[in-house]
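Chains as they are written, first to last, in this note's numbering: chain A, 3 to 257; chain B, 61 to 573.
Note that CB positions come from ideal geometry on N, CA and C, so glycine has one too.
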C-alpha cells in the first residue's frame, strides 16, 4: 500500500508552510502599558470587545452610569465600580484567549453587607500597586488584638492569606510575607499588636496588598477553585437575586 | 452550561434587557480566540490542493485492506502483564467507584456546579477527555465501562449462588432493532448536552446517571450483557465508532470461539475485529497497534442504523461548535422574537431553538449527504444505489469530525479540565482536602493561542486527508474499474471539502456564549 509517500509529502508541505506563517505572524513587538477607556452605559459596554496583546499591562479606565461589579472571567479579577466615578481596572494579559466580561449592577442600598465596613474589603489597609520587587508595610494596632485579618492581592486573588493577631504580647516585631506567582507565603502568620508586617512582591507582575477577602472568596474562603463562574452557574439557587449581565469580551491576541 | 448572556441587538433595542442562561456543550466556559483569516485560508487551500494531489497520485493504490499490525499480547510476558487481574481489577474497581462518586456527589455534594465533582468529571474529563483518548489511543471504555463491570460481577456472583444458571433472561434481541436503542439514547444525551439548561446541575447529573444505570443494567438483564452493550448501550456504541480511528484494535485470530458469540461479528473479509465478546471468550487473541484511521475502512456490511449513527455523530460535533457562533445567536434571537420569551425555566424559546438545532442539524446533514451520495451513484451509472453509497462511505467522514472535535474541545479540556485537580481533593465541596490538591490554582495560560490555531487547522487538514484516503480505499474495493473509482470520488471530495471548510469556518467564529 503506497500511502506513505504522498502522506509524507503532504505533511511536510503542510507543516513547513504553517511554520512559515506562524513565524511571519510573530512580529516581535514588546508588551506595553495600555490605558483603555471603557464606558458602561445603559448596561452596554463600549468598546464591546477590548483587544490587547499578550503581555500587555492593561489599565481599563472604567466609567459606568450605574454602580456594580465588573468581572473579567477566567482571569477571575473583579472590581467594584461606583456610578460616574472613573475606576482603574488593572491586569496583565498573560493568557491568550477571548474572555468574557460580566457586569453585576448593584442597585441602591443593595450593597453586600460587610463589604464596606471597617473590617471588610480594604477597610484596614490597602497598598498602591506594587511593581515586582516593591514592598508594602503595615503595623498591627492594639485594638486588633484577637482578630484575624484576611488579606489578598486584588490583581491576583490567589495570592491571599490570614494575619492572626494574638492577645498576649511576646517579642515578635517584624514579619515578612512574600508574594510569588503562585501564592502568598506564609499563608498564615501569627503576630501581636505592634508587629510590622512587610509584603514583598516577588511575583513577575504588579500586585496589591489589601485587607479583607476577595469578593469571590467571601462565600467560601477555602480558595483553590476558580470561583468566577459559579455565580452564573448557581443562578437558580440564588433565585435571580443576582443579575449578572454579559457585557463584552477581552481578547488577548498572541504576540 | 448556564452562563448568562444577553440576546443582542433585536431584543435590547426593544428596551428590554434580557438575561438568559446559555449552555453550549453541557458545562464549561470557552475562552479560545477565533482562528484568524490567514490560518483559515491556508487550511482551506491545503484541504483543496491536497485533495487533488491525492487523487492524482492515488489512482494506482490497491484496494487491499490489510495493514501492518503489532501484537501487544505477542509475548508471554506482555500477555501476562496486560491481562493480569492485578492490573485490571483495581482499574475496574476505580471505575465503579467513580460512577458511585458521581451519584453521591451529585446528590449529597455542593450544589454549585464548579464546587462539585460531578459536572467537571462527567462533562469535561469523561465525555470530552475520554472521547479524545478513545479516538486516538483505543477503546478503554470496553474495559472501564462501570455498568459492564457491575453486571459482570453480578453474573459471577449469581453463578456461585446458583450454579449452572444465568442471571440474564437472555431474551433474543430482535435483529431488526439493530443499534436503534443506543441511537435513541445518544440523541437524548446530545439534547441534554446542547439544549437542556440544567445539564450542569450536580443533582441532575446524578439523576441522569441513576436513570441510565437502570436502563443499562435492565437491558443487560433482559437481553444479556454483550447483546445490550452492542445494541443498546449508547456509549459503548459511540465510543466503538470513535475507537476505529485509534491506533489499537483487538482481534480474535482463530475464530473457533466466534460461533459461541451471540452475534456473528466477522466482517466480509472473515476477520473478527473489535468484538469484545469473542475477545473475552477466545484464547487466541491479539491486542494490536495499527495505523490511525484504518479501522474506519474495514470491509464490512454497514446497515442503516449505523449510517444514522455516523451521520448523527458528524452533525452533533458540528452543532456543538456552531451553537456558540454569532450566527446561531441570531437564530436564537429570531426564535425568541417569533415565539416570545415565555415558557418555563426548562421549556422556553431558547431551549426550543437549541432543540431545533439538535434535531435539524442531523436531518440537514443526512439530506446533504444523500444528495452527494446520489451524485456518486449517478457518476458510476447506477452500479451502486444511492443509499448503499451513503452506507459504505459514511465512516470515511469520521476523521474530519474527529479532528474538528479535538480542535473544538482542546481548550476546554486543558483549562477547565484542571478543575478536576482541586475537585479530586474535595469532591463534595465540603472543605475536604483528601489529596492535598485543593489549593491548586488553574493555569489559564497553559496553551498559547498561536499553538492552538496551528494545531486546530493542522488537525483538520490532516483529518481531511485521512478522510479522502479512506473514501478512496472503499471506492477501490467497491467499484470494478479505475475510471469508476475516480468518477465516484469527485462528488465525495467536494463533500469533504465542504465539510472541512464548514469546520474551519466555525473555528474562525468568535464564541459568543
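Are there 16 or more other CB atoms within 10 angstroms of the CB of residue i, so buried, or fewer, so exposed?
i	result
residue 271 of chain B	exposed
residue 361 of chain B	exposed
residue 63 of chain A	exposed
residue 389 of chain B	buried
residue 490 of chain B	exposed
residue 150 of chain B	exposed
residue 152 of chain B	buried
residue 128 of chain B	exposed
residue 536 of chain B	buried
residue 189 of chain A	exposed
residue 86 of chain A	exposed
residue 145 of chain A	exposed
residue 130 of chain A	exposed
residue 229 of chain B	exposed
residue 236 of chain B	exposed
residue 78 of chain A	buried
residue 450 of chain B	buried
How many angstroms separate the CA atom of residue i from the CA atom of residue j?
i	j	result
residue 257 of chain B	residue 410 of chain B	9 Å
residue 555 of chain B	residue 101 of chain B	18 Å
residue 563 of chain B	residue 213 of chain A	49 Å
residue 496 of chain B	residue 92 of chain B	30 Å
residue 301 of chain B	residue 104 of chain A	40 Å
residue 311 of chain B	residue 425 of chain B	33 Å
residue 208 of chain A	residue 162 of chain B	40 Å
residue 178 of chain B	residue 291 of chain B	27 Å
residue 395 of chain B	residue 571 of chain B	20 Å
residue 243 of chain B	residue 455 of chain B	16 Å
residue 240 of chain B	residue 367 of chain B	11 Å
residue 524 of chain B	residue 412 of chain B	33 Å
residue 445 of chain B	residue 544 of chain B	14 Å
residue 467 of chain B	residue 225 of chain B	49 Å
residue 137 of chain B	residue 143 of chain B	10 Å
In chain A, which residues lie less than 9 Å from residue i when you measure between Cβ atoms?
i	result
residue 93 of chain B	98, 99, 100, 253, 254, 255, 256
Cβ closer than 7 Å: which chain A residues qualify as neighbours of residue i?
i	result
residue 484 of chain B	Residues of chain A passing the Cβ test: none, with the nearest at roughly 11 Å.
residue 508 of chain B	98, 256
residue 570 of chain B	100
Residue i versus chain B: which residues are under 8 Å apart at the beta carbon?
i	result
residue 77 of chain A	504
residue 55 of chain A	In chain order: nothing, as chain B lies at least about 11 Å away.
residue 184 of chain A	501
Output, in chain order, the set of chain B residues within a Cβ distance shorter than 7 Å of residue i.
i	result
residue 160 of chain A	501
Under 8 Å, do residue i and residue j count as touching if we go by C-beta distance?
i	j	result
residue 39 of chain A	residue 59 of chain A	no
residue 268 of chain B	residue 211 of chain B	no
residue 201 of chain B	residue 194 of chain B	yes
residue 254 of chain A	residue 99 of chain A	yes
residue 146 of chain B	residue 472 of chain B	no
residue 126 of chain A	residue 166 of chain A	no
residue 293 of chain B	residue 207 of chain B	yes
residue 169 of chain A	residue 196 of chain A	no
residue 155 of chain A	residue 183 of chain A	no
residue 505 of chain B	residue 96 of chain A	yes
residue 528 of chain B	residue 106 of chain B	no
residue 102 of chain A	residue 251 of chain A	yes
residue 203 of chain A	residue 135 of chain A	yes
residue 507 of chain B	residue 464 of chain B	no
Would DSSP call residue i helix, strand or coil?
i	result
residue 432 of chain B	helix
residue 100 of chain A	strand
residue 74 of chain A	strand
residue 148 of chain B	helix
residue 116 of chain B	helix
residue 394 of chain B	helix
residue 350 of chain B	coil
residue 332 of chain B	strand
residue 39 of chain A	strand
residue 181 of chain A	strand
residue 230 of chain A	For residue 230 of chain A, the pLDDT reaches just 38, beneath the cut-off of 50, and the residue's location in the model is therefore unreliable, leaving the point undetermined.
residue 107 of chain A	strand
residue 253 of chain A	strand
Considering only heavy atoms of the ligand GTP, does any lie closer than 7 Å to the CB of residue i?
i	result
residue 52 of chain A	Only the bare structure without any ligand can be found here, which leaves the ligand GTP out of the picture.
Chain A partners of residue i, CB-CB under 8 Å?
i	result
residue 89 of chain B	75, 76, 102, 231
residue 632 of chain B	Outside the shown range of chain B, which is 61 to 573, sits residue 632 of chain B, and nothing can be said about it.
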